[in-house]
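Quick notes on the structure that follows.
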């Protein structure tokens with residue numbers, strides 16, 4: 004079985020494994036207060052052109068999401084997300100478990116629009132009984148989204164402006180940020196400038212695990228480590244995260260990893276289009292969603308794994324193919340050849 | 004600096020690193036549903052003589068603690084712990100953040116007594132206004148405790164009997180369980196037989212990270228994976244935990260690791276006693292708490308790290324020395340020589 | 004100003020005020036453990052033909068809702084409601100504040116259909132990643148709904164059957180239950196027979212305040228008073244609730260109160276229809292939602308209050324007129340005359 | 004049976020009942036946005052010499068406590084209380100249910116000392132691992148305490164100064180504040196000046212129910228109504244609270260009520276002392292705690308109710324006698340005569 008069902012099927016990049024091995028017997032203090040974390044944070048601040056930003060390393064995405072949201076909101080406040088957003092759809096109500104409602108807005112492609120956000124907030128304040136509803140106070144978006152789509156710089160600037168006008172915190176989930184860096188005009192300094200908090204995903208970009216949370220809003224940074232600890236994200240051997248992120252942030256490894264996986268995904272996309280399979284979402288990143296005849300899917304499934312997205316009609320399904328740092332080019336070529344031969 | 008301040012200063016056992024390297028490019032499904040997790044769970048069930056037990060792998064101890072407690076208790080219920088217990092003293096109110104009170108009972112040595120537990124529960128029910136107080140419904144103990152002490156089988160049996168008589172869930176935090184296995188008469192089958200849920204710690208016993216939660220009570224096992232996900236403990240590359248635990252659970256590696264660290268700690272203990280330094284707690288495990296004259300501490304601190312526990316009088320402090328899987332015997336010998344020479 | 008904007012504009016029925024005055028200097032134990040609460044509970048069990056039911060008196064509807072839900076659900080479970088349901092739309096995220104997601108289903112009239120519920124639950128279990136989503140475990144409906152509509156006995160039986168087939172708890176919010184009793188074929192014994200828990204609203208039916216929660220499912224009844232206390236609903240002078248409910252439950256006062264307010268509302272409805280004003284919802288109960296030309300609304304607003312529901316087009320708004328136990332027939336007649344004269 | 008077991012055995016003062024009856028058919032908007040609430044708030048601001056304070060009316064004490072605490076604290080923060088404080092001992096973990104730890108400090112008489120508070124906070128910050136512990140951020144005290152004792156102005160000023168020095172919010176539970184006003188040198192303007200938030204209890208001072216929360220700290224006042232609603236404290240017929248508090252706050256009724264009940268309690272105290280019964284606490288307020296021989300208690304119990312506090316030795320118990328607005332002087336005289344005759 005050649006697997007394309009997700010981008011977390013393997014372990015870590017060779018460079019990352021090598022760094023873990025090399026530092027294995029070093030003795031360092033725990034809980035992220037070690038020289039590797041310090042160095043990784045410095046490298047991230049530099050890449051983000053954000054010398055004042057606070058950088059914290061968490062183990063996973065769901066954990067990063069609810070930790071940031073719990074730290075940021077007062078009890079009556081809610082977070083706006085696309086209805087397909089990870090916090091709305093795939094975290095078992097983790098945000099609600101911290102006490103906050105997720106206000107899920109419709110989206111055809113996984114992206115929120117600045118006008119949607121403004122309209123949602125204006126409707127809240129215009130309602131005479133707004134005190135009887137959770138107060139929208141934060142916007143959560145993903146770059147790229149769950150659908151593989153990415154925000155352009157113009158779109159992100161518009162969202163950022165809307166948030167600042169309305170007094171909302173802007174939070175960007177970058178679980179697959181490396182892919183977006185390779186296919187959008189939004190760079191790390193843009194994220195640091197336009198958001199209050201975002202994270203640079205490691206789990207899906209060549210680390211064994213780990214997300215680097217970058218906080219630029221001082222109010223949000225205050226006491227953040229207490230909340231990491233309280234929510235189970237304070238890693239005893241925190242230096243592992245430091246070691247992995249300093250590796251990823253050195254010599255452009257993180258960016259190259261994103262570029263590589265996106266290039267392979269776009270080869271797949273071209274093959275789908277050539278075959279006449281429409282795409283459910285217009286994704287420029289490492290997740291591709293072709294709409295495939297059932298008969299073709301059945302044949303492919305004997306040799307390849309992919310994930311099921313939705314049935315589009317009685318004879319077709321949309322499915323997801325992911326590439327990652329570990330995807331082998333020869334496997335992509337083999338899949339393309341098999342598609343052509345169908 | 005030679006470090007004895009904690010037992011999570013280094014990475015992982017060579018066998019563990021080798022296994023991670025060896026399996027690095029395997030493709031497996033995520034979220035703990037892979038053959039390595041399945042195999043590790045099987046090995047654990049065998050060692051525990053608990054063929055029906057459910058085994059889940061979580062990333063860290065605080066996370067394991069609050070996930071188990073949140074899964075087990077109804078909203079009005081509370082968990083009993085020693086006032087020095089990790090959930091009472093060192094988790095930033097993580098249990099309270101799930102909505103539950105920790106009923107902290109005094110303990111001279113970190114251990115709870117069966118009679119204490121019974122008395123606490125009886126006092127609750129005897130109070131005419133007990134509905135105005137959280138209902139004790141679970142007991143949390145650690146093996147070994149934060150103070151290095153361990154429960155004997157007789158003690159654990161008494162606690163288990165008290166819990167069953169009173170209808171309480173018994174939960175054992177085994178973050179350092181490998182050390183306890185090496186110095187108490189309580190084995191894994193005893194834990195499985197006498198408790199409702201416990202965990203086998205990996206973070207402090209040679210894994211990079213990870214705790215194996217063993218659930219023997221069926222009511223507690225139901226839907227546990229939902230709660231892991233909701234609380235941030237569902238690891239995307241869950242197979243890493245499987246790989247590490249199948250390594251630890253093979254050929255007695257886990258047990259040997261505990262024996263080795265305990266043997267080194269007892270050498271240290273003997274040196275402290277020979278020097279005439281009293282021990283704050285009578286610990287047979289890998290944490291030792293000598294009470295040391297300030298002048299001696301000052302000299303040692305130039306070369307060794309240890310952690311501060313408390314000031315016992317104006318000229319002495321109790322400090323903690325830990326050994327681990329990574330402690331080098333020659334460093335222990337050097338420290339002992341330096342103590343003798345003081 | 005003659006007010007029709009809500010059904011909680013005045014104090015309490017004369018009979019209720021008289022009973023409070025008559026019992027004012029009685030000395031009773033607190034917290035609902037007094038003879039009046041006992042007697043009121045007995046009367047309710049009789050009316051419900053539910054001799055085993057547990058009855059608890061809470062102060063208000065939001066409190067009753069989140070207390071019942073918090074008592075019933077495990078942390079990963081969610082409650083299904085219509086998107087217009089009170090818990091979804093008008094409680095400031097009170098249910099989320101207890102940690103649970105509200106799964107909001109669309110509804111044209113405020114009612115859920117049995118098939119919707121079944122489909123939602125089946126979709127959950129059919130999803131391979133259902134552990135990454137909150138588990139639907141309870142259904143919340145209101146009788147009557149926020150839109151004034153009511154469930155027929157056949158509809159409620161279908162919902163009850165769907166819930167029992169799928170293992171869901173069925174909870175009915177009866178904040179305005181008196182109105183529904185007057186205009187549907189669902190009686191109190193039906194509610195007791197078909198649901199797991201429901202409440203009989205007092206605040207909107209002639210009491211100063213108070214809701215009588217009737218629990219027929221034994222698992223839900225266990226330890227419920229602890230949770231009332233924890234969530235702020237344990238009333239010190241609980242006997243006030245007992246006194247008010249024993250008054251309402253005597254000599255058919257509760258039922259008569261509902262009949263009276265519904266009769267007045269239906270007079271209003273006939274006048275709206277005669278005037279050619281369409282109704283936003285087909286409500287047989289004490290809330291009526293005519294769609295009114297702006298010019299007419301402007302004139303009415305000088306003399307009458309009503310609440311705004313939504314703008315239906317550029318020249319019309321849907322508004323809500325409520326009747327209550329305190330609505331004076333002559334005020335209804337005056338409003339009808341003024342409408343005719345427009 | 005003549006009852007002295009608590010101060011919430013009866014309904015409300017005649018003046019309060021009369022005001023409720025008089026306003027019963029008034030039509031007012033709901034949720035505390037009516038002229039009576041406005042007027043009551045104005046009267047309270049005047050009495051407190053706090054023209055900028057925000058005043059909110061809640062139904063009960065537990066609700067007021069957790070609503071204020073939830074509104075004030077970030078997730079990692081904790082509230083300091085005496086171990087006998089109501090939030091620590093008698094609210095079924097309501098504060099923990101909002102996610103926050105109660106740091107319970109020992110107290111011989113129910114009062115906290117300024118030095119205790121300072122020491123607790125200093126110990127937190129001095130601990131190198133303070134991020135692993137909940138951060139003390141608020142102090143909760145009661146005036147009078149559960150033990151009947153009261154803070155002097157000097158004591159309250161010292162506590163206030165300590166809180167301001169350490170950056171803690173000071174919150175005073177005044178469930179029985181009327182009693183304290185009658186027997187301490189702390190007035191309402193002192194409370195407004197020295198605390199961030201406090202409440203004026205109505206339930207135990209002649210109202211049917213209700214607590215008036217006075218917020219002087221602007222950060223705490225922001226969005227407070229959302230949180231009241233979310234936590235179940237937004238009363239539909241909020242004007243009932245307004246009517247009751249404007250009655251209590253007019254013509255010195257509240258103060259007179261406190262004076263009257265304290266005077267009766269002090270008569271009882273004198274009788275206990277004359278009889279040679281020691282007092283468990285040196286209470287100048289409406290709760291008295293004599294230590295009584297078992298034989299005497301047994302005789303008294305046939306005619307009088309009181310509440311049990313604790314067994315002090317094999318032949319004596321400490322019990323509590325309460326007076327209230329409704330206590331009849333002739334009943335106090337009868338009790339005193341019966342004590343003398345024992």
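Chains as they are written, first to last, in my numbering: chain A, 4 to 345; chain B, 4 to 345; chain C, 4 to 345; chain D, 4 to 345.
Beta carbons: idealized from backbone N, C-alpha and C, even for Gly.
Asked: C-beta neighbour in chain C for residue 69 of chain D, strict 8 Å; Found: yes
Asked: Selection from C:40, C:80, C:135 and C:207 that minimises the alpha carbon distance to residue 264 of chain C; Found: C:207
Asked: Sub-8 Å separation of residue 238 of chain A and residue 62 of chain A beta-carbons; Found: yes
Asked: 8 Å Cβ cutoff, residue 227 of chain D in contact with chain C; Found: no
Asked: Residue 16 of chain B versus residue 43 of chain B: straight-line alpha-carbon distance, rounded; Found: 17 Å
Asked: Whole-number beta carbon distance between residue 84 of chain A and residue 71 of chain A, since they are thought to touch under 8 Å; Found: Residue 71 of chain A to residue 84 of chain A, Cβ: 13 Å. No contact.
Asked: Validate contact between the segment 83-102 of chain C and the segment 149-167 of chain C using beta carbons, cut 8 Å, 3 pairs; Found: yes
Asked: C-beta neighbour in chain A for residue 99 of chain C, strict 8 Å; Found: yes
Asked: N- and C-terminal bounds of the alpha helix (DSSP H) containing residue 234 of chain A; Found: Careful: residue 234 of chain A lies outside any alpha helix (DSSP H) and carries neither H nor E.
Asked: CB contact flag (residue 246 of chain A, residue 22 of chain A, <8 Å); Found: yes
Asked: Span separating the alpha-carbon of residue 35 of chain A from that of residue 235 of chain D; Found: 40 Å
Asked: Those residues which DSSP pairs with residue 307 of chain D across a bridge; Found: D:5
Asked: For residue 163 of chain D, the first and last residue of its enclosing alpha helix (DSSP H); Found: 156-169
Asked: Distance CB(residue 57 of chain D)-CB(residue 227 of chain D) smaller than 8 Å; Found: yes
Asked: N- and C-terminal bounds of the alpha helix (DSSP H) containing residue 323 of chain D; Found: Counting along the chain, residue 323 of chain D falls outside any alpha helix (DSSP H), though it belongs to the beta strand (DSSP E) covering 319-325.
Asked: Sequence-distant residues of its chain with Cβ nearer than 8 Å to residue 156 of chain D (five each side left out); Found: 187, 188, 189 and 193
Asked: Residue 278 of chain D - containing alpha helix (DSSP H), residue span; Found: 256-278
Asked: Beta-carbon neighbours of residue 230 of chain C, restricted to chain B and to distances below 9 Å; Found: 77, 78 and 79
Asked: Whole-number beta carbon distance between residue 327 of chain A and residue 10 of chain A, since they are thought to touch under 8 Å; Found: 4 Å
Asked: Cβ of residue 30 of chain B within 8 Å of any chain C Cβ; Found: no
Asked: N- and C-terminal bounds of the alpha helix (DSSP H) containing residue 39 of chain B; Found: 38-51
Asked: Cβ shell of residue 311 of chain B (< 7 Å), same chain only, five flanking positions each side left out; Found: 320 and 322
Asked: Buried versus exposed, by CB contacts within 10 Å (16 or more), residue 345 of chain B; Found: exposed
Asked: Same chain, Cβ closer than 6 Å to residue 278 of chain D, neighbours up to 5 away in sequence not counted; Found: 342
Asked: Residues of its chain near residue 286 of chain C, where Cβ-Cβ distance is below 7 Å and the 5 sequence neighbours each way are ignored; Found: 150, 151, 152 and 292
Asked: Residue 305 of chain C, buried or exposed, once every other Cβ within 10 Å from all chains shown has been counted against 16; Found: exposed
Asked: Chain-ordered residues of the segment 133-151 of chain D with a beta carbon less than 7 Å from chain A; Found: 134, 135 and 138
Asked: Beta-ladder partner(s) of residue 203 of chain D, from DSSP; Found: D:215
Asked: Whole-angstrom distance between residue 109 of chain D and residue 284 of chain B, CA atom to CA atom; Found: 25 Å
Asked: For residue 145 of chain C, the nearest candidate out of C:116, C:123, C:134 and C:336 (CA to CA); Found: C:116
Asked: Exposed unless 16 or more other CB atoms sit within 10 angstroms - verdict on residue 313 of chain C; Found: exposed
Asked: Element boundaries [beta strand (DSSP E), containing residue 2 of chain B]; Found: One cannot answer for residue 2 of chain B here, as it falls past the ends of chain B, which runs 4 to 345.
Asked: Per DSSP, cross-strand counterpart(s) of residue 114 of chain B; Found: Answer is none; residue 114 of chain B lacks a bridge partner.
Asked: Status (buried if at least 16 other CB within 10 Å, exposed otherwise) for residue 96 of chain C; Found: buried
Asked: CB contact below 8 Å: residue 27 of chain C versus chain D; Found: yes
Asked: Range of the contiguous beta strand (DSSP E) that encloses residue 60 of chain C; Found: 57-61
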